[in-house]
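What follows is a set of notes on a single structure, which appears directly below.
Numbering (our numbering), first residue to last: 6 to 213.
Structure representation (structure tokens):
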């Protein structure tokens, strides 16, 4: 890819990353309650899953969505149930000003956050169709080299992480203006509702 093509590719992926969907909603909820740093593993999991889809698209493996339909169904359901669980925890967590930043019930370790993000993105096989639709505009799919795939994957990874963390930082900044215990409780209810809504979208929006 030329410099101009690489820049355009980067911008397209960036815009794609901040498009509203279950992943962005999950980041908003997590950023609102725990801050932007706690969104890093979630964003990374989503990005890695997207990169895998991009590589599949480059290698001409788009038919995986049809060949492994049952697997996608299982992943989708697990991802939705986990979002429901996180939403429930946000509704039931006791709010205390002095301990809100140390809420162990909501601060999952890096691996769980990563897997949550990975499942959210992996449960949507339409992502691979997105890559198939616009990759030919930047790459000659019939004569792709390993370097081409590496370059596209690297650009996409940076664009996805920047876009997703941009969403997370905006959510975290909104949290800073909410200082009272009552406001924080409403914040948790809002974040929990967003998480449950994202889970519902994931569960009932069947991919075709």
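Note that the Cβ used here is the ideal one computed from N, Cα and C, for glycine as well.
From a predicted model like this one, the values you see are computed outputs, not experimental measurements.
State buried or exposed for residue i, treating a residue as buried only when at least 16 other CB atoms are found within 10 Å of its CB.
i           : result
residue 38  : buried
residue 178 : exposed
residue 152 : exposed
residue 75  : exposed
residue 201 : buried
residue 8   : exposed
residue 215 : Here the chain comprises residues numbered 6 to 213, so residue 215 is not present and cannot be evaluated.
residue 12  : exposed
residue 55  : buried
residue 16  : exposed
residue 14  : buried
residue 116 : exposed
residue 128 : buried
residue 91  : buried
Could you give the DSSP three-state label for residue i: helix, strand or coil?
i           : result
residue 153 : helix
residue 195 : helix
residue 173 : helix
residue 110 : Legend: pLDDT at residue 110 = 41, less than 50; position of this residue unreliable, value from coordinates given subsequently. Residue 110: coil per DSSP, three-state reduction.
residue 51  : helix
residue 115 : helix
residue 144 : coil
residue 120 : helix
residue 24  : coil
residue 41  : coil
residue 6   : coil
residue 128 : coil
residue 64  : coil
Would you please state the rounded distance, in angstroms, between the beta carbons of residue i and residue j? I believe it to be under 8 Å.
i           : j           : result
residue 83  : residue 124 : 6 Å
residue 132 : residue 58  : 5 Å
residue 167 : residue 19  : 6 Å
residue 157 : residue 144 : 6 Å
residue 169 : residue 51  : 6 Å
residue 23  : residue 172 : 6 Å
residue 35  : residue 47  : 6 Å
residue 208 : residue 85  : 4 Å
Are there any heavy atoms of the ligand ADP lying less than 7 Å away from the beta-carbon of residue i, as far as the coordinates show?
i           : result
residue 132 : The ligand ADP is absent from the structure shown, which contains no ligand whatsoever.
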